[in-house]
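Engineer: Numbering (the working numbering), first residue to last: 4 to 136.
The beta-carbon is built from N, C-alpha and C at its ideal position, and this holds for glycine as well.
Model, not experiment: these values are computed from the prediction.
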């Protein structure tokens with residue numbers, strides 16, 4: 004993910020705090036085909052919904068900093084743009100990811116993978132999963 008000056012957006016702290024950024028990725032599809040692209044705020048293994056909240060991690064001596072609290076819970080829409088695929092989808096309560104499918108030719112692309120909040124502020128899809136169908 005390209006973040007420019009946006010510091011920790013590309014890190015888990017960015018996902019937790021809901022840091023805003025463009026959500027632009029450099030990506031290469033090595034084969035023509037139909038693909039499934041899933042946009043998430045948190046990784047699949049977390050089991051957390053896009054709008055999940057949780058308290059700050061307890062401080063322990065082994066860590067120089069702890070995971071901050073997740074308080075942002077107003078994401079309403081996901082948006083994808085790559086190659087000829089341009090789609091958006093509503094984010095429902097409890098939804099962990101928004102998935103889009105499309106036919107994408109092999110090539111290098113700028114991909115926009117975004118989560119949009121109720122104030123229409125753009126945030127990156129902090130985790131993107133791409134599977135060839």
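Pick out whichever of 116, 87, 51 has its Cα sitting closest to the Cα of residue 73.
Structural biologist: 51
Engineer: DSSP three-state label for residue 76, please.
Structural biologist: coil
Engineer: Consult DSSP for residue 27 and reduce its assignment to one of helix, strand or coil.
Structural biologist: strand
Engineer: Which word fits residue 127, buried or exposed, when buried means at least 16 other C-beta atoms lie within 10 angstroms of its C-beta?
Structural biologist: Buried is the call here.
Engineer: Here's the rule I'm using: 16 or more other beta-carbon atoms within 10 Å means buried, otherwise exposed. How should residue 122 be labelled?
Structural biologist: Under this definition residue 122 is an exposed residue.
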